[in-house]
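Contents: one structure, followed by commentary.
Protein chains in written order, with our numbering: chain A, 1 to 441; chain B, 442 to 882.
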């Protein structure tokens, strides 16, 4: 089978674990049988391949998740990169065009679209195969997976089918209802909308041609920022008349809040933490300082470079209202990662910011220049470029004055401390230049 | 009146706020009428002076608290510095000798000894005066303050007086009893031992002469590390037959645990934190990252450079069992302070450690040398010494190689980032040298 996994940003509902650049789906919180840990993305991919070892998986995502995907899944998956965030309709159209134009998938083939972050078991993946088979038959343009409700949830959308058969035509959709309405829908045989559906590639490419005037991958990629911010549900699913739903009765959990995420964690503690005399409490500590939780009940506690959260699990749904926007303090890049250690912003005059950077062996940062800041690098080991090419060892210093072009390449894993000093310290203050890296190998 | 305030270390019961070098008594958590905040030490000193504006206060403490005392109380208090930690008997003897030999207090004068950390009101300080007057009469060698119990506490020691008169001779002492025993003592008219007592200077100096062979300040200071680790209660109070107790019926709280400390906090939040939909919850955040507490009840939450704590207030007494020893991450010194930002310890080869240091205007660190590490300093503004004397400005770098003597002096408030690189990174690896600082003014 062919699967498109939608890997979006997870926003504020899992702060401080997720933000615009770090996503919950890459956090290794699930224990495997051999005792090692895997992330949501790894678990999803592994289980798809366990059901169908020839499955082709493509991840639809933004540029900033690519390093995490490559680090966790290697080169075994296709990646359809969204140049900017545009909601699921443009994302699915782009991924479909990617499969057709870049991967050579025939337009009569069936594709399954599925979020990357539900917590599910093998029966879910076997259902994906059935969904694909049903879509191949051509009885409908779209085949949805509907989950049999276990309680009248107010958090999910509902699909109301025309019958209670295992496969049925869809009568209508209902957005997140209140509890009374949800109970009524369930009596009518309604199902939760899991966000999973199957279609023939030609169907979505046809819609693209009609709506955008093109289904060409390169055209869609180049014009991506001009496409409307609209969901696939709203733009396609709810307007389609030839649409079926298949009933799924199995475990299906949304890991989108602290409550549901911690429910799926295999250990109570991840990171440097002690919990004592606690009940139903989970701790994730990504900081290097110790965390102690003593005598507490029903809490999720998380400490990361972006912030600290102590929340009653039952209140998880309200978190997004209390989290403020801020500069991310850790960022993963193709070449490695950086962590902001400290900063001081002065109302007048110069500010400073201190980073710890790690560059992977053989990798380098781009050859670049800053208008509004100088940087002082304290090096551990590697090859450095600052006007001239030279080698530096541990404990050496490079002073990169404002306006001077510079880069750095790692021979072995390279750690360095960067202190930025200047009038304005932003990630945007950077000009990039070409450089022939092979000349210094 | 003459008051000796005992300012000890507060150990692990208030971790991560207190450790071997930072003490709760200097944390500004109490709101004054004008809206500004004061620490326990400041509040105690202010209230003593409000009752008696000619009161002479001496603080008995260790070297590492001196910068905090000077910063918060100025030069208006005497400081008896304990060269090392030796419990309250040596500490009180040393402070008594300090008053006699260094401050010229007559040995017939009365002195009151009192812990720096109870949370009390004006009536407590008026009681100190009465205690001093009673001790002056010479009816007893020691006059204690006994607090009328409000419940059968298992946390305090009990004084059993011979009568229920306002001033009574002491019959006996009982160590922390269980609840049933405490109830029995209270029926007999027992009082809590507040750790407050008054005596004539000659009494304690006489004991010193008898036990140590000397009551000379310099001799005691020089031989301090050889004196026994023993409490004044055990060495003196419980053996004294000519001893009285005065009844005190007023507010008296021990701020030694998170439960009692937060009870006395005027605001629910100190630092960068948001609390929402919480009850009876207090947050102290000394980190620069934000903290969010949502929907929780009866918690004390603290985040400092040393660690993060989430504790049910009722479980406060158990905390010390779960806190591990670790290197302090922030340290205040006479010249300013430093904060450890980051460190990496390598099993083989060189390690690194990054600090942010702040030096107060006109201050300098000692002229020093390290055997096992190099340091790289990135400077904001100041005068620097590294072999030669030179001036440096913001963004400049000083590379101090292993074994080279160095120092730094601040013209204006000086911030710099220090990266240590070496085989062994310890605070102990330092040789200090004399330098004529007036030569570079």
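Just so it is clear, CB atoms sit at the ideal spot from N, CA and C, and this is done for glycine as well.
No experiment lies behind these values; they were computed from the predicted model shown.
Shortest Cα-Cα distance from residue 125/A to any of 57/A, 99/A, 109/A involves 57/A. Nearest neighbour of residue 153/A by Cα position, chosen from 237/A, 236/A, 253/A, 66/A, turns out to be 253/A. Membership of residue 244/A in the beta strand (DSSP E) is indicated by the continuous run 243-248. Under the 8 Å criterion on CB atoms, residue 449/B is classed as non-interfacial with respect to chain A. Contacts with chain B at 8 Å (Cβ-Cβ) do not include residue 185/A. When DSSP reads this structure, residue 285/A sits in a beta bridge with 271/A, 303/A. If you look at residue 496/B, you'll find it isn't in any beta strand (DSSP E); DSSP assigns it neither H nor E. Counting every other CB atom within 10 Å of its CB across the protein chains shown gives residue 415/A a total of 16 or more, marking it as buried. Within the same chain, and ignoring the five residues on either side of residue 190/A in sequence, the residues whose Cβ sits closer than 6 Å to its Cβ are 158, 160. The C-beta separation of residue 685/B from residue 608/B comes to about 6 Å, placing the pair in contact by the 8 Å criterion.
Within chain B, the residues whose beta carbon sits less than 9 Å from that of residue 376/A are 817, 819, 836, 837, 838, 858, listed in sequence order. In this structure, DSSP gives residue 102/A a helical state, which the three-state scheme calls helix. As the crow flies, the alpha-carbon of residue 625/B is around 12 Å from that of residue 592/B.
An exposed status is given to residue 871/B, since fewer than 16 other beta-carbon atoms sit within 10 Å of its beta-carbon.
Secondary structure of residue 24/A (DSSP, three-state): helix.
For the region 789-814 of chain B, residues whose beta-carbon sits nearer than 8 Å to a beta-carbon of chain A comprise 791, 793, 795, 797. In the same chain as residue 67/A, and ignoring 5 residues on each side of it, the C-beta atoms closer than 7 Å to its own belong to 332, 333, 334, in chain order. Bounds of the alpha helix (DSSP H) holding residue 567/B are 563-577.
With fewer than 16 neighbouring CB atoms inside 10 Å of its own CB, residue 288/A falls in the exposed class.
In this structure, the CA atom of residue 156/A is about 36 Å from the CA atom of residue 292/A.
Contact check between the region 235-250 of chain A and the region 266-286 of chain A: fewer than three CB pairs, one atom from each, fall below 8 Å, which does not count as touching. It is roughly 38 Å from the alpha-carbon of residue 792/B to the alpha-carbon of residue 756/B. One thing to note: residue 413/A has its Cβ within 8 Å of the Cβ of residue 361/A.
Taking a contact as a CB-CB distance under 8 Å, the pair residue 506/B and residue 464/B counts as one, their CB atoms being some 6 Å apart.
About 25 Å separates the beta carbon of residue 118/A from that of residue 306/A, a gap too long to meet the 8 Å contact definition.
Within 10 angstroms of the beta-carbon of residue 234/A lie fewer than 16 other beta-carbons, which makes it exposed. At least one C-beta of chain A is nearer than 8 Å to the C-beta of residue 730/B. Listed in chain order, the non-local C-beta contacts of residue 27/A below 7 Å within the same chain comprise 17, 39, local neighbours out to five positions each way being set aside.
Close partners of residue 314/A in chain B (Cβ separation under 8 Å): 736.
Per DSSP, the unbroken beta strand (DSSP E) holding residue 433/A starts and ends at 431-433. Note on residue 837/B: 16 or more other CB atoms within 10 angstroms of its CB, so buried under the neighbour-count rule.
Counting only the Cα atoms, residue 715/B lies some 12 Å from residue 742/B. A direct Cα-Cα distance of roughly 36 Å separates residue 590/B from residue 511/B. For residue 749/B, the closest alpha carbon among the candidates 727/B, 485/B, 544/B, 620/B is that of 727/B. Here the alpha carbon of residue 208/A sits roughly 26 Å from the alpha carbon of residue 174/A. Taking a Cβ-Cβ threshold of 8 Å, the residues of chain B close to residue 322/A are 715, 717, 733, 735, in chain order.
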